Every structure is written in C-alpha cells, then in structure tokens.
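Inspection log for the structure reproduced underneath, given as structure tokens.
Numbering (full-length UniProt numbering), first residue to last: 1 to 837.
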C-alpha cells in the first residue's frame, strides 16, 4: 500500500471525495521533491569532494542516510498537509457534531484523499476502544487523540503494535469547533506495510536500508547486508531512524576527478526527471480539464453520469465540489412528481423474457443527482418484521410481500444507497410468476428516491452480481425467492459492493417505518448482460476435453443460461427441466435435498454421462452427481476446488461453513492452505472473505465463492465451469476423481421445525446446558462437536424457524453414537421435539 498514488479516480456520481490535496500542494510537492533531490545530489557531490581528505565511504554514507531520512519525512508530509486542510473544513466539524452515521459518511468521503488508510472522525471526549477493528484503535491511539484534544504538541509518529497483527501508525489533527475549542480529531491510520512499500521504491544500490523505531528495532527493510559501514539518520517528526549499511569498499583511490562527473550526471538526471514529471503533470491537467468540462455540461443538463475519471487529486476535489454543488442545487429545488407507471400485466403461467431490440433509457430527467428533498408522507407505518431476514428479504407473495411493501423497500434502498455514495442500482429478477410485478414495484421505489435503475430483466442472481461489477455500479438487487416454494419471493441486496445482512437489513425496515426516505425521480435504463457474462466465463475457463453432462435447472432461472454456457465450454449437454417456469412443476429447486436429485441421478445413469449438474431456483447454488449416480456433496467439491487453487496460490486462505466435513480442514492444510471455519450464510461468508483476503470459500448448501479469477460472489454457474475445468484436466474419469477424495458416512441437512424465533432460544439453552467433554466444541454458529471419528452439529436457521442438524462418522457405528449423544443433549432441553434421526 502507498500513501500517495500517481493516479486517482473521482468518485462516481453521488460519492464525493474527501480531502483538499490541491494542485498547489501537488505542484509544491513536485518542486519540493525535485529541490530535495537536487539538494541531496549537491550534498552527495560535496561529500565526494571532501571524501579525498576524510574518507569517501563515511561521507557518502552519512549523506545518503540523511537523504533517505528526508525522503521518509517527505513521504509523511503529504498526508499531514492534507489532514491540516481537512481539519479546517466546516463540514468536517459539522460531521463531528452529528451522529455516528454522519461521522461514518464523512469518513468515507475523506478516505479518497488518504489511499491505503483507515480514516476515523472521533468527536471530542471519545473514549471507546476498537481493538477488533482493522487497524485496531487501542490505548496508544486513544492517548494520541486525547493529547490533540488537550491542545498539546503533535507527538512523534510511531508504529503501534509493531510486528503484530494490526500494526499501524497514525497521522492526526485536531478539528476546531465553530464556537471555539475542539470539535474532535480526524485520524488516518496506515498499516505498517505502507513503510515497507515506500522503502521498496528507494534506490539502495549494493547496500541495505532499514527503518528502525526506538526501542523496537527494524520496522521495514530492503536490500542485503553488504559488510560495509553502518550510518544512521533520524527521521524528523517521528520516533524512527534510517539505518544504512553501505557496500564494503576494497580500496579508496583518488576520487576528485570522478566527483564532478558524478555530481554533474546526477544533476542532469534530476533535471530530466523533473522535466518528465512536469510533462506528465501537464498532460494529466489537460485530460482532467476535459473531464471537468464534461461534468459541468452534465450538471447544466441536470443529468449526471456515473463516472468522471481524473488523474490528479486536486481534480478529484474539484469534481467532488461540483457534485456537492449539484446536491445543494437539488436540495433547493422541489422534486417533480414521479410519472405514474402503468400496472404490469398479469403474469402468464410460464414466464418468458422478451429481449428489447435495443438499450432504451427513460426520457424523464431527474433533478441534478436525482435526490431533491426528504420524502413527505407516503411511507408505510408498519411493514412485516418477518420478511427482514438475516441474509436477505423474503416473504409470502400477496401476504407479507406485496408490491406496495416492495416499493417502500425500494425507496429505503435508494435512500441508503445515497448515504453510501451510490447513484445507480442494477435490478434483476428470477423466473417466479410474481417477479415482473415485484421488480417493477422495486424499481419505482428506487427511482422515487432519486436513484437510477439499470434493469437487466430475468437473470440468475450471479448474473446480477456480475452486472454490478461489469457495469461499474457496485450496487444491485435481485428479486428472487431463491430455493423457496413458488409462493415466496424476496430481495438479495448489494450496496457499494457489500451484500447486506443483519443490522443493515433491519435498518431498511427502520427507514420505512420512520419515514426517513428521500424523494426524487431517478432514470431507468435497460441492459442485456447475459451474453457478456457467458463470454467472460468462456474467456476464463477452458476445459481441456469435452465432457458429457446432464443439467437439471429445476425450472429455475438458471435454465436461461446454464445449457448455453455448458455448450460453449465444449460439453455435450442433456437438458432436464431447463424451461423457466415459476411454478416449479417437476421438483423443488433446491439441490441440497437428495429427493430433488432423483431425476438427475436416473438421467445420468440412463445417458451414461460423466457428470450431473443441478442448480437452485436463482442459480447461485450448485449440486453435483457423479457418473455412477452418487451425490457429491458440496464440502467434497470444495476439497477439489481447494487442491486446485493451492497449486497456483500456495498459502491461500480457504473458508468453509460449520456444516462442512471435518476432512476439509485436513485436506486444505496438507496442500499448504489456511483452513478457516466460519458461520453459515452467503453474506457472512463474503464479509469474511473481504476481511481475511481468502481466495475461495464454500458452504454445505452449495454456495461457492471464487476470488481467484472471479469476483468473490456466490455463483453456481461459474462454480460448475471451474469444476469442468478441474475434471477435464485430469486423465481419470470424474467418478474416479471424486472417489479419491476423503469421505465418511454422513447425513444430509436435517431440519426440526419450531415456532418463529424459538430456534435462537433453544440454541442458547443448549449451549448453556450441553456438555461434550470428549469432543472439540465450536460455538461460532450453533454447537458443533468434533470427535476423533466424526462430528455433530445443531444450529439455528437464520432463514426459516427451524433447527438445522448434520452428522458425520467414519463408520455407521460412529455416526449412530454421535447422533445418540446429540439426541440426549437436545431432548434434555426440549423433550417434546421429534427428531429426524
């Protein structure tokens, strides 16, 4: 990571940048850098002249150490100056006087001015530690903040927690309050790795350069020890010093004739570098001027685009100010009433998607930036709490999920998107009969908040996720009931590249009930992205040989994509229930349940196929049957994916959920990976991947997440393509490949139905009362007990009111023993439960 970037990018419309890293500062930094370099060259030249009398190596080493120390100080000076400018802004003081949401929103805006840093706005009197954050905010950070609030001098910069996870250094400034005193502190925390990255850009020919902290030792280093003299120089304003070891010198002959040549050459090189930098700066300024002119033209036309790329940080601030001006203009202009949208026609029994002849954009133009004012009335007083689930929104169509409720959710989503700096949201839907009407209501609601909509029609959920990356919106909503019965539907939501879950889902409900909704009139655009999605996968995944595949889409929306994708990957494909029909007339679209795979198993055997693939209702889950008709459960598939990944990415982290086989941990570790067990839930897994940097994850439900070569979202279709690639590269048959993976006697996912909410109370009691002294117990998600010869799990479902259980044993006897152990523990809590084992 670096504190400075040669190129910056202005935020998309609605995401204002922070900081005031202006052109004068950039110019000053360039000239100061050139001057410092020239001064260093003169010092080095003078040192070389003096070296004839005093010893060449000592003088050169001292000068070089001082020059490197000056470079480190200059490295910190840019963000320090930016912090000074930020701290003087009235809007920063206003944010510090506001609530936590206002502070977080401002911190996100300012982050663009401090690449690689975690920006925090801490109001006066802040005393809360955040030791689990990244980077953490501990006692040393708190003492720095208190010192600034007291008006004390800036303490020397130093690394906190050096050499440990979360090691970082802080740059901070006090923010004056409008009426006097201190409003709080703005703090930018940089990881220790930023120092190593900077040292890596310094020239140390033949020597070793280290940055030390007093009382700690080396923080960062580059080069190899060379046996020469060691020179030290302090870094101004810090608790650091540069330690330079120069190469050993065999002899020191006359150097005066060489001095002027070296010095002159250095000055000439510096002059060329400065000239080249000025040429680059001039070109960047010209390009940025064109971008800014285009932005002004869009403002005058009262219609912003989604991207205004610039190269200079000062230009990014100019773009930010223009966008802020647009917001103020919009806030003073009443929002026009949204044009009535005709009621959609009743859905036909079988859903058919009609592709438009061309991309069409609604002619209605929103006010600048879409958002005009707070909504006045029109909010629902109550929405059913039951539809706001742990990972998504889901309800019974016509009862807990109506067009009016979905429109209100759309309005809340658009408002939340605004708070996160988002302007455009992609909307797609699955093949359920209620999909067209609910998707239309959702889009009306989003537009009524002033956000723009990109409608991609009927697509699998992974295609919707893909579209948010491909179209650059970072935000989108899939109208889908996933693997639930036909009378269900729901919403899976991504905002600013984060899949909403937990409190973020509940916050939407709170917005609706409080009426905290924006009013405006956003635009709508229609796009087709399925071709782009298929092209991207086919360009990335190339199976070495064709395979014969039976594909069962369960009449879900994956049927619109999967057969074509598999054929383009070179497979010989037999289709089973690939017609999209929201009634799911053949079987339930959930491949995690064995009864839903019966027809696929028979078709694979009948066709003599290499493989059977099954997808759930919205295409984000994958089920697999081998050539002999045996189900290959997702945890064993993840073993195969992990082994393949670790050949290319040794040491990579692989995440799996608590329902997976205990063999998975061993397989990952034996192949050089880092196994990590985590909670069940697609949004929770994606959050863990972002936090840990894991390149692969999977769940027992059939969700697979590939960050290597893909985008990190759950995608059953892409997982199928990667599986074909792995199997086709192996000389063995797919059946033989699967047979070589570790296996045990297992149960499928078992469920015990309870009343709404009872599952959580039950797990709390079980954790308090149950004891498994002979097992390794994990409680990250329910209760999992790992025995030497198997494991048992019971957890509360976050999507339906039930308990979820799974068991594994090395033998039938071990499985029965573990089940009996769990039976006693469960019935001790609730003797009236009927257990399915």
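Where is the CB? At the ideal position from N, CA and C, for every residue including glycine.
The structure displayed is predicted, hence computed values, not measured ones.
Quick one: does residue 79 have its CB under 7 Å from some CB of chain D? The chain inventory of the structure shown lacks chain D, comprising one protein chain alone.
Assuming the contact rule is C-beta atoms closer than 8 Å, residue 212 and residue 241 should be a hit. Round their C-beta distance to whole Å, please. 5 Å
Is the stretch 552-567 close to the stretch 614-624, with three or more CB pairs under 8 Å? yes
Bounding residues of the alpha helix (DSSP H) (the contiguous stretch that carries residue 91): 90-97
Who are residue 130's beta bridge partners in DSSP? 137
By the three-class DSSP mapping on this structure, what secondary structure does residue 410 have? helix
Quick check: what's the CA-CA separation for residue 620 versus residue 705? 10 Å
With a threshold of 8 Å, are at least 3 pairs of Cβ atoms found where one atom belongs to the stretch 443-454 and the other to the stretch 654-671? no
Which residues in the same chain have their Cβ closer than 7 Å to the Cβ of residue 439, if we skip the five residues on either side of it in sequence? 427, 429 and 479
Please classify residue 120 as buried or exposed, where buried requires at least 16 neighbouring CB atoms within 10 angstroms. buried
6 Å CB neighbourhood of residue 505 in its chain, flanking five on each side removed: 388
Buried versus exposed, by CB contacts within 10 Å (16 or more), residue 434: buried
Residues bridged to residue 781 by DSSP? Beta-bridge pairing links residue 781 to no other residue.
If we ignore side chains and look at the alpha-carbon of each, how far apart do residue 86 and residue 66 end up? 30 Å
Using C-beta distances below 7 Å, list every residue in its chain close to residue 177, excluding the 5 sequence neighbours before and after it, in chain order. 93 and 183
Please report the distance separating the alpha-carbon of residue 604 from that of residue 701. 22 Å
With 16 as the cutoff for other CB atoms within 10 Å, does residue 849 come out buried or exposed? Nothing can be reported for residue 849, as the shown portion of the chain is limited to 1 through 837.
Continuous beta strand (DSSP E) assignments of at least 3 residues falling wholly in the stretch 385-460: 393-396, 424-429 and 452-458
Could you tell me the alpha carbon to alpha carbon distance between residue 133 and residue 219, rounded to whole angstroms? 21 Å
DSSP three-state assignment for residue 635, whether helix, strand or coil: helix
Taking Cβ to Cβ, would you say residue 222 is nearer than 7 Å to residue 195? no
From the DSSP output, in three-state form, read off residue 806 for me. strand
Alpha carbon to alpha carbon, what distance is there between residue 187 and residue 170? 7 Å
In angstroms, rounded to a whole number, what distance separates the CA positions of residue 359 and residue 580? Its pLDDT being 34, under 50, residue 359 is placed unreliably by the model, and nothing is read from it.
Which value, in whole angstroms, describes the spacing of the CA atoms of residue 149 and residue 409? 42 Å
Less than 8 Å between the CB atoms is what I'm expecting for residue 417 and residue 501, so what's the real figure, rounded? The Cβ separation is near 16 Å, so there is no contact.
Based on DSSP bridge pairs, tell me the residues matched to residue 234. 241
In whole angstroms, what is the alpha-carbon distance linking residue 645 and residue 807? 27 Å
In whole angstroms, what separates the C-alpha of residue 601 from that of residue 640? 21 Å
Which runs of the beta strand (DSSP E) at least 3 residues long sit entirely within the stretch 531-576? Give them in chain order. 548-552 and 572-576
Identify which residue in 124, 542 and 68 has its Cα closest to the Cα of residue 722. 542
Under a three-way DSSP split, which group does residue 174 fall into? strand
Under the three-state DSSP convention, the category residue 737 falls into: helix
Evaluate the contact criterion for the stretch 460-472 versus the stretch 523-533: three or more CB pairs, one atom per stretch, below 8 Å. yes
Identify the continuous alpha helix (DSSP H) that holds residue 587 and give its terminal residues. Segment: none, residue 587 is in no alpha helix (DSSP H) and carries neither H nor E.
In three-state DSSP terms, what is residue 503? helix
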